[in-house]
Structures are given as structure tokens and as C-alpha cells.
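200 is the number of the first residue of the sequence shown in our numbering; add one for each residue after it. Encoded as C-alpha cells, the structure appears first; notes follow it.
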Amino acid sequence: MLWVVGLCLSCLPQTGHAQTERVVKILVENAAIRSGPTTEHDRVTVLPSGLKLPVVRKEGGWYRIRLGDSQEAYVSADIVELLPEGSAPSQAKVTDVSVRPFEKGTRIVISLTAPVPFRIVQRLRPAALILELFNCRLSQYGVRQLEGADAVLAIEQVQKTTNTAELTFHLPQRQQTGYTAGFPSDDTMAIDIRRPYQSAGLQDKLIGIDPGHGGAWTGAIGPTGLREKQANLDIALRLKQLLETGGARVLMTRETDAGFGSPGAGQASDLDPRRELTKQAACDLFVSVHNNDTGEGTSRSVGGTETYYWTPMSILPAKVIHANLGAALGTQCRFISWRPFYVLRETDCPRVLVECCYLSNPDEEAALKSVDFRHRAALGVFCGIREFFDKAMTTDGLETAGEQEPGSVGVQENGDGQRP
Ligand SMILES: [Zn+2]
Numbered sequence: 200m201l202w203v204v205g206l207c208l209s210c211l212p213q214t215g216h217a218q219t220e221r222v223v224k225i226l227v228e229n230a231a232i233r234s235g236p237t238t239e240h241d242r243v244t245v246l247p248s249g250l251k252l253p254v255v256r257k258e259g260g261w262y263r264i265r266l267g268d269s270q271e272a273y274v275s276a277d278i279v280e281l282l283p284e285g286s287a288p289s290q291a292k293v294t295d296v297s298v299r300p301f302e303k304g305t306r307i308v309i310s311l312t313a314p315v316p317f318r319i320v321q322r323l324r325p326a327a328l329i330l331e332l333f334n335c336r337l338s339q340y341g342v343r344q345l346e347g348a349d350a351v352l353a354i355e356q357v358q359k360t361t362n363t364a365e366l367t368f369h370l371p372q373r374q375q376t377g378y379t380a381g382f383p384s385d386d387t388m389a390i391d392i393r394r395p396y397q398s399a400g401l402q403d404k405l406i407g408i409d410p411g412h413g414g415a416w417t418g419a420i421g422p423t424g425l426r427e428k429q430a431n432l433d434i435a436l437r438l439k440q441l442l443e444t445g446g447a448r449v450l451m452t453r454e455t456d457a458g459f460g461s462p463g464a465g466q467a468s469d470l471d472p473r474r475e476l477t478k479q480a481a482c483d484l485f486v487s488v489h490n491n492d493t494g495e496g497t498s499r500s501v502g503g504t505e506t507y508y509w510t511p512m513s514i515l516p517a518k519v520i521h522a523n524l525g526a527a528l529g530t531q532c533r534f535i536s537w538r539p540f541y542v543l544r545e546t547d548c549p550r551v552l553v554e555c556c557y558l559s560n561p562d563e564e565a566a567l568k569s570v571d572f573r574h575r576a577a578l579g580v581f582c583g584i585r586e587f588f589d590k591a592m593t594t595d596g597l598e599t600a601g602e603q604e605p606g607s608v609g610v611q612e613n614g615d616g617q618r619p
């Protein structure tokens with residue numbers, strides 16, 4: 200079933216010749232489009248259901264698909280349907296763009312003739328969101344900027360290639376606070392960009408706290424049987440109390456041992472509700488609390504604190520929380536790491552996951568059994584969150600020029616892989 204083999208990119212048919220190609224339709228929401236034909240490959244973008252993508256060829260259980268004129272990527276055959284010959288891929292023309300205020304910032308409304316594949320890249324310096332619309336052409340139009348749309352400074356638009364339009368949203372040079380994007384109807388794309396935090400400190404901030412695991416999901420189990428789900432919950436409840444005393448509002452993903460989903464239903468059944476709950480609430484910051492495990496058969500001597508983030512805007516809270524947590528616990532600060540953990544991939548707000556210590560390390564398991572240690576863990580994360588909101592008023596998220604940009608991936612051991 201190979202229809203296009205050995206063609207150089209410039210020879211690939213344009214959308215006007217779509218009848219020579221086959222097309223697949225996405226069947227699920229948040230479909231991962233990857234750089235290669237395995238789940239280990241990076242996500243190029245995530246797309247909603249219903250979009251129709253032109254196929255270059257099938258490779259095992261994956262379709263190699265085309266985005267715009269010159270980019271190719273992969274989608275799992277399990278989440279798409281091969282449409283009959285003659286079906287046309289999604290393609291559109293942008294007919295209007297407007298920028299208007301909404302409660303939490305600025306809403307970009309893009310009118311187009313149909314939903315098309317897209318990708319958004321977040322940049323910290325200069326601060327911007329860059330939107331690529333694939334299989335899409337710009338038409339002659341202006342950008343209507345309504346009064347009060349203050350979270351976006353300016354918009355640039357360019358027809359990057361024949362079938363790829365690029366819109367750049369220039370943002371204030373401040374710590375970014377998140378965005379969401381989607382197609383509320385077949386002829387409208389909406390991107391909500393939140394304005395920078397309006398004040399330092401914890402007052403009026405909504406913080407999502409996620410004690411990892413719970414219920415049937417025990418998480419790591421220490422050498423003498425301490426369960427990670429219990430330690431995570433105890434630390435998170437202490438953190439909740441500290442934050443509320445400090446003036447913040449807190450949304451807990453769980454406050455008892457009850458978990459989400461079941462191991463038989465797969466990891467997503469545990470993680471999706473946590474992600475959705477905090478996303479719907481429009482949190483200002485999300486922190487997932489875990490303790491680590493080196494995995495069976497590996498050294499029990501590994502110990503220390505690790506902190507994970509994914510979106511560029513999450514690097515500053517990761518750094519600050521990590522430093523405060525390590526200092527509070529007196530543990531080895533192993534690293535912060537850029538990692539596509541399930542609960543970190545959303546772009547609605549900065550998201551961080553802490554691994555306070557290694558439950559698989561007998562000394563650290565013993566420490567984690569003490570109330571004092573768990574309280575210090577909560578205090579460390581609390582101090583980090585408070586410092587982050589203070590720093591966020593005066594930085595763009597990269598504290599000094601040349602500091603670590605997203606992409607410097609850390610290392611190996613982690614019991615909370617959370618890959619899909
Ligand atoms: Zn965990």
C-alpha cells in the first residue's frame with residue numbers, strides 16, 4: 200500500500216493534486232504527531248480529532264504524513280482511519296484575524312475555511328508564541344485589535360511556504376503564564392493567551408497540587424514497604440495548608456487515598472483526570488508531588504532530589520522550587536530535567552513535577568517516614584512557589600542571558616515515566 204515512494208520533497212504533490220494521495224483522519228483528541236515511527240520519538244505537535252492528513256506512506260503501524268509543503272511526521276495507525284481514495288486532506292484559507300480581551304488575557308480569533316493541522320512554539324526571549332498553520336494560506340486581511348487586548352503586543356504574519364502560514368504573537372517580555380488553543384467551531388480557531396501575573400506573592404493565586412498515584416496505584420514501594428502514594432499525599436496536604444495560610448487558593452487533585460482509573464485501564468486513566476481537573480480550573484501554577492524509584496534490579500544507593508518540567512515557561516518555577524526543596528531537605532540536588540511527562544505537557548500554565556527523594560534508597564525511605572522530613576519537603580516546595588511568584592514579576596523566565604534553554608535533557612532513573 201505504498202503510493203508515494205522515493206519522491207524528493209519538492210516533487211511531492213501540492214494540495215491541488217490531492218487526488219494522487221491517500222488521506223488519514225484523526226479519530227481521537229490530542230493525537231500525538233511524532234518525529235519518528237515510535238512512541239519514543241518527540242511530539243512534533245498534538246492535534247484534535249477530525250483533521251485529515253495527507254499520507255506519504257505507511258511504515259509498520261505508523262503513517263508517515265505531511266504537514267504543509269516540506270515537513271513530514273508520523274501518526275500511529277491506531278488513532279487514525281484511512282479514508283477512501285479521492286478523499287481530500289484538511290486545507291484552508293485564513294479569512295480574518297482579531298485580537299480581543301477575555302477575562303484572563305487576550306483571545307486571538309482566527310477565521311478560516313476549515314480546521315487545519317497546526318503547531319505552536321513558545322519562545323521566552325524574545326517572548327512570543329509562534330503559530331504554524333499547515334495546509335493553509337493567508338488571504339488579504341487586516342488584524343483587528345480590540346481595546347483591552349493587552350496580553351499580545353503585536354502580530355506578524357507571513358506565508359512561509361506555499362501551504363504553511365505562520366503567525367507570530369509578540370508578548371510582553373515577562374514570565375509567561377500559559378495559553379490554550381483549539382477549534383471551537385469548524386471555521387474558527389481560538390488561542391487564549393493569559394496575561395502576566397498581576398502581583399507578586401501568593402495572594403489570589405490558584406495553585407494546582409497533585410499528589411502522585413493513589414488508590415490502586417501505589418507508586419514506588421520502599422525497602423521496608425513505605426508506599427509512595429501515602430508519602431506524596433502527606434507532603435501535598437502539608438503544602439496545601441502552607442499555601443492557604445500564605446493567601447493562595449489550592450486545588451488538590453486528590454485529598455484521600457482514592458485514586459483515578461485503574462491499572463487495568465492504563466496509565467491515562469490515572470493521569471487524564473488530574474490534567475483535566477487542573478486545566479479546567481485555570482490554575483496559575485501546577486505542581487505534582489512524587490518520590491522516586493530506581494526500578495527493580497538497579498542500585499539502591501541512588502538518592503537525591505529531582506525536578507521536571509516541559510514547557511519553556513516552566514523552567515523558572517522548576518529551578519526555584521528545586522533549589523528550595525533541596526535546601527529544605529538537605530538532599531543531593533541531582534538535576535532539573537526537561538521531560539515530556541503526561542501531567543507536564545499542557546500549556547495552560549507553568550507545570551512542574553518534583554521527586555522529593557528516592558524511596559528506593561533505604562536511608563531516604565527512613566527519612567521519608569518522619570513527619571519532620573515530610574514537613575520540610577512541603578516547606579521547601581512552598582518556599583519555592585512563593586519565590587517563583589516574586590521572581591515572575593521581574594524576569595522573562597530566563598534569569599540571566601545564556602542560562603539553560605529548554606532541551607537540555609537530564610538523565611535516566613525515574614519511576615514516574617508517565618509516557619502515554
Ligand atoms: Zn511517583
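Just so it is clear, CB atoms sit at the ideal spot from N, CA and C, and this is done for glycine as well.
Counting only runs that start and end within the stretch 476-531, where is the beta strand (DSSP E) found for 3 or more residues in a row?
Restricted to the stretch 476-531, the beta strand (DSSP E) segments that are unbroken, complete and at least 3 residues in length are 484-491, 504-508, listed in chain order.
Unbroken beta strand (DSSP E) run spanning CYS582, endpoints
Run containing CYS582: none in the beta strand (DSSP E); it sits in the alpha helix (DSSP H), 570-590.
Grouping DSSP H, G and I as helix and E and B as strand, with all else coil, what is SER338?
coil
Nearest candidate by alpha-carbon position, reference SER536, set SER513, LEU558, CYS556:
SER513
Who are LEU436's beta bridge partners in DSSP?
In DSSP, LEU436 forms no bridge with anything.
With H, G and I counted as helix, E and B as strand and the rest as coil, what does DSSP make of ALA565?
helix
Could you tell me which whole beta strand (DSSP E) segments of length 3 or greater appear in the stretch 355-407?
363-369, 378-384, 387-393
Find the nearest neighbour of LYS478 within the set ARG437, ILE408, SER498, PHE534, judged by alpha-carbon distance.
Of the residues ARG437, ILE408, SER498, PHE534, the one whose Cα lies closest to the Cα of LYS478 is ILE408.
For HIS240, verify whether its CB is less than 7 Å away from any heavy atom of ligand 3.
Because ligand 3 does not appear in the structure shown, any question about it cannot be addressed here, the ligands present being ligand 1.
Output the distance between the C-alpha atoms of SER310 and LYS251, rounded to the nearest integer angstrom.
19 Å
Rounded to the nearest angstrom, what separates CYS556 and GLY502 at their Cα positions?
The straight-line gap from Cα to Cα measures roughly 6 Å.
Going by C-alpha to C-alpha distance, which of ASN229, ASP483, LYS292 sits closest to VAL551?
ASP483
CB contact flag (VAL315, VAL223, <8 Å)
no
Are PRO325 and PRO288 touching if we call contact CB-CB under 8 Å?
Contact: no.
Express the C-alpha separation of ALA591 and GLY260 in angstroms, rounding to a whole number.
44 Å
Quick check: ILE329 and VAL342, are their CB atoms within less than 8 Å of each other?
no
Quick one: Cα of GLY525 to Cα of LEU567, how far?
Spanning the two alpha carbons is a distance of roughly 14 Å.
Leaving out the 5 sequence neighbours to the left and right, which residues in its chain are closer than 6 Å to THR367 when beta-carbon positions are compared?
ALA327, ILE329, GLU355
Assign GLU554 to one of three DSSP states: helix, strand, or coil.
strand
GLU427: CB within 7 Å of a non-hydrogen atom of ligand 1
Shortest gap from the CB of GLU427 to any heavy atom of ligand 1: under 7 Å.
Could you check if ALA419 belongs to the surroundings of ligand 1, using beta carbon to heavy atom distance under 7 Å?
yes
Nearest-angstrom Cα distance between THR305 and GLY529?
42 Å
Please indicate yes or no: does the CB of GLY411 lie closer than 7 Å to some heavy atom of ligand 1?
yes
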